[in-house]
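Per mature numbering (1 follows the signal peptide of the UniProt record, and there is no 0), the sequence shown runs over residues -29 to -1, 1 to 581.
Each remark here refers to the structure printed beneath this line.
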Amino acid sequence: MAGRAGSGFFHISCLLLCLCLLLCRSTRALEAASSELDASEIEALGLEEEDTKAHSADLNEEEFGEDDFPTGGGEGLGGGEGFDEDGFPTGAGEGFGADYFPNGREEDEDDFWSFSISDPDVVVLSLGNFSEFLAANHYVMVKFYAPWCGHCRAVAPEYARAAIELKASGAYLAKVDVTVESELAEQYDVRGLPTLLFFIDGKPKPYSYHRTSEALVAWIQRKVGPVITEVNSTSEAKTILESGNTVVVALFDKFEGKEIDEFTSAARQEDNVLFYYTKNKEVAELFHIKQDSKVPFAVLLKSAAEKVVSYGGDFERSSISDFVLANKLPLVSIFNHDSATSIFESSIKKQIILFASPEDSKLVFPAFEEAAKFHKGKLLFIYVDSSSDEVGKPVVEFFGASVEKPMIMAFMVSEDRPMKYLLEDEPTVEKIKDFATRFLAGKLKQFYKSEPLPEKNDGDVKVVVGKNFDEIVLDESKDVLLEIYATWCGHCQTLEPTYNKLGKVLRGIDSLVIAKMDGTKNEHPRAKSDGYPTLLFYPAGNKTIDAMTVDIEWTIKTFYQFLKKNAAIPFTLAKPTTVGEETTKTDLKEDTPQSIGQMSESTYEPKDEL
């Protein structure tokens, strides 16, 4: 009951927060209304009725369609698949994108929320019974879902059928509604829906394979059934060795007790490694286990440069699992669709990556592989074919690497943000080893990708790239409004004509800069974006503080009001020059303050600059 009370308090807190946000938005609207533009400002800005209508910065999911959710986000190597255009996870039923609405946006909302399926064999878990149920059962798959999630709805009947088929196996299928049990979702870092976790003795393992009932049943049966195989003869041993599979073989003096239980438990955590055991020392010797080895003793064998790796540590599940995770991959993993899952699921989250074409890699790969031997278990060394259209080039673009010559980079994710480092020395064994050592010690300077400097940059909206960010955005003498965009982003395209017009009408104010930066091709530590478009304001004379996030309606009027209120350097729009009752429209240059507000309607036509 205490857990439920805590959950109730959480939801009350959320309700209060929502009310506060509503009040803040109302206050913001009142402030905007109370600071209406005077006639001269309206005239100077050249405002028309359309310019005061919002293009919606406060977007909600009912306001846009499927194409507004892009693909191609990435968390480094092994991630990246299953993301839509704006970086929301969607693929294979993983995410928060438009696929929540598989039949489009026109279906009735009440019907959507009332969707249900008969699944009496699926256990309903909550904060109140979650821990108790996991403690009482060795094998439990938990589906984290939301009633409005289209992918969740699609998998529900498959999940229900799997629960029926697995009733006799000793494995249970359960579900958690994250809209009710938000604390559980946060505890298990649920970021996409549905998320499937398989718990073995309370330890979770992500399920990332097909979501049909057949696939679920087959995968779970492998987990709950026998997972280690006894090897009794030399002929059996030779068959295993000739298979080319990655295997772990352990020598025991008896097949009972804590050690073999821990070995079995570790085997259940692995999907791609086969586990064997033997008491026969002659058989064990074929697997490179010496007859005088301390028992129990294990080896990992793989068809890679380092074919045999010995393990003489404690026979505890976590230690054995860590050993397998650190050694099951080759010294250098070749990044492709087959290896991506192993790389992504590795407990080693720091990577050293070689980008090179197959031809160029011949010169660098031997030194790269040799250096990997000195950091095994601490770093993953990965090779990416930079010439591959299907696999390599998207990764090259994400990292800002070169396709012209070999490049070595270090990569890690810190506080959910990718951090990259570039080896600028010659790629010798010693230089790569030193680079990796300094990476582990946190002594490298972070690398930020950048497009080349623009040849011309005298437009109404200044073009910012990584290399000129400091010069333009961090200029203490300028108030700077920066849009971080992506060319494929539908919302960015909606904003573009208004933003271009804003740059046009404010062009004559020397202290004010309207700028834009392609966030997919440029990075800077002072330009953090959680989605596209992101609008940031950097006030003059105070560039050491974090930028102000601009969350307003997308109209010339609201942008102008925001800038007028927040600019560190006050500015005034010049009034149009008039003769009698008619505004003079000739002999005025567009880049002079006097011309602001006098440009013809054709001036405001959208330009495809993004």
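All C-beta atoms, glycine included, are put in the ideal place defined by N, C-alpha and C.
Computed from a predicted model, the values in this text were never measured in an experiment.
Please confirm whether residue i has its beta-carbon closer than 8 Å to some beta-carbon of chain B.
| i | result |
| --- | --- |
| L415 | The structure shown contains no chain B, having only a single protein chain. |
Does DSSP put residue i in a helix, in a strand, or in coil?
| i | result |
| --- | --- |
| A238 | helix |
| I516 | coil |
| R182 | coil |
| Q417 | strand |
| P175 | strand |
| K333 | helix |
| D431 | coil |
| S140 | coil |
| D405 | helix |
| residue 595 | Nothing can be reported for residue 595, as the shown portion of the chain is limited to -29 through 581. |
| L8 | coil |
| V188 | helix |
| T543 | coil |
| T205 | helix |
| V161 | coil |
| I88 | coil |
| K528 | helix |
| D356 | strand |
| I135 | helix |
| T150 | coil |
| I324 | strand |
| A127 | helix |
| L534 | helix |
| T210 | helix |
Shortest alpha-carbon distance to residue i belongs to which of the options?
| i | options | result |
| --- | --- | --- |
| I231 | Q240, T469 and P267 | P267 |
| P425 | G413, V254, A238 and I443 | I443 |
| A311 | F294, Y354, F345 and S332 | Y354 |
| A255 | A208, E241 and N298 | A208 |
| E241 | P197, I516 and Y143 | P197 |
| K265 | E277, L272, K273 and D285 | D285 |
| N216 | L300, E136, Y392 and D429 | L300 |
| V188 | F306, Y130, K344 and F101 | Y130 |
| T205 | V270, N307, L167 and K250 | K250 |
| V111 | L96, A125, W119 and D293 | L96 |
| G173 | F104, F223, V218 and L164 | F104 |
| H181 | A343, L167 and G479 | L167 |
| S140 | G163, P468 and H109 | H109 |
| Y145 | E157, Y159, G121 and F170 | The identity of residue 145 in the sequence shown is Ala, whereas the question assumes Tyr. Here the closest residue by C-alpha is F170. |
| W525 | F533, E330 and A518 | F533 |
| V374 | G413, D331, V335 and H495 | D331 |
| M380 | L415, A237 and K364 | L415 |
| L411 | D489, K321, D431 and S358 | K321 |
| S313 | P177, A342 and A117 | P177 |
| E538 | L164, E340 and E447 | First, the amino acid is wrong: residue 538 is Ala here, not Glu. Selected option, being the one with the closest Cα: E447. |
| F326 | D356, S184 and A156 | D356 |
I need the straight-line Cα distance from residue i to residue j, nearest angstrom please.
| i | j | result |
| --- | --- | --- |
| V366 | E454 | 24 Å |
| V476 | L16 | 6 Å |
| Y247 | N203 | 10 Å |
| L466 | V435 | 17 Å |
| D9 | K535 | 13 Å |
| S328 | I13 | 57 Å |
| V280 | N298 | 7 Å |
| V362 | C123 | 29 Å |
| G461 | K194 | 44 Å |
| I485 | E368 | 27 Å |
| K261 | L272 | 15 Å |
| A252 | I305 | One detail in the question is off: residue 252 reads as Lys in this sequence, not Ala. In a straight line, the C-alpha of K252 is about 35 Å away from that of I305. |
| V220 | S317 | 21 Å |
| L544 | M519 | 23 Å |
| V244 | V126 | 28 Å |
| P504 | E494 | 14 Å |
| residue 621 | V384 | The structure shown does not extend to residue 621, since the chain is modelled only from -29 to 581, so the question has no answer here. |
| L212 | V218 | 9 Å |
| G502 | N471 | 20 Å |
| K333 | E340 | 11 Å |
Thinking residue i and residue j are a contact (beta carbons under 8 Å), I'd like their distance in whole angstroms, please.
| i | j | result |
| --- | --- | --- |
| V93 | F115 | Actually they are not in contact, since the Cβ atoms of V93 and F115 sit about 13 Å apart, beyond 8 Å. |
| P398 | A338 | 6 Å |
| I291 | F234 | 6 Å |
| I199 | A142 | The pair is not a contact, with the Cβ atoms about 18 Å apart (cut-off 8 Å). |
| L473 | D450 | At roughly 13 Å, the Cβ-Cβ gap does not stay under 8 Å, so L473 and D450 are not in contact. |
| H346 | A275 | Between A275 and H346 the Cβ distance is about 16 Å, and since that is not below 8 Å, they are no contact. |
Q: Let me know the alpha helix (DSSP H) ranges lying completely inside the stretch 212 to 265, each 4 residues or longer, listed in chain order.
A: Correct list: 229 to 239 and 252 to 257.
Q: Go through the stretch 274 to 306 residue by residue and report every complete run of the beta strand (DSSP E) that reaches 3 residues or more, in order.
A: Qualifying beta strand (DSSP E) stretches, in chain order: 279 to 282 and 303 to 305.
Q. In the stretch 445 to 524, which residue ranges form an unbroken beta strand (DSSP E) of at least 3 residues, counting only runs that do not cross its ends?
A. The qualifying runs are 450 to 456, 483 to 489 and 505 to 509.
Q. Fully enclosed by the stretch 360 to 392, which beta strand (DSSP E) runs are 3 residues long or longer?
A. When DSSP assignments are scanned along the stretch 360 to 392, the uninterrupted stretches of beta strand (DSSP E) that are 3 or more residues long and fall wholly within it turn out to be 378 to 385.
Q | beta strand (DSSP E) segments (min. 3 residues) lying fully within the stretch 96 to 123 | A | Runs of the beta strand (DSSP E) inside the stretch 96 to 123: 110 to 116.
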